[in-house]
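Working notes for the structure below.
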Amino acid sequence: MYRPARTAAWSAGLLVLLVAVTLTSAALGPVRIDLVTVAMAM
289 MYRPARTAAW SAGLLVLLVA VTLTSAALGP VRIDLVTVAM AM
């Protein structure tokens, strides 16, 4: 069974993670974030 609340929480969590990565990369300057680093962060 699918729970809308759980799906919404998961989507919100991914959105927060994406924003955090964006802000971090912006703060550090032009730093290349490869997929391995992103995968490890999860």
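Residue numbering for the sequence shown follows this note's numbering, starting at 289 and increasing by one per position. Note that the Cβ used here is the ideal one computed from N, Cα and C, for glycine as well. Since the structure is predicted, the reported quantities are computational estimates derived from the model, not experimental observations.
- DSSP, reduced to helix, strand and coil, places methionine 328 within a helical segment of the structure shown.
- For the set Ala315, Leu316, Leu302 and Leu311, the Cα lying nearest the Cα of alanine 327 is the one of Leu302.
- When DSSP states are grouped into helix, strand and coil, arginine 291 belongs to the coil group.
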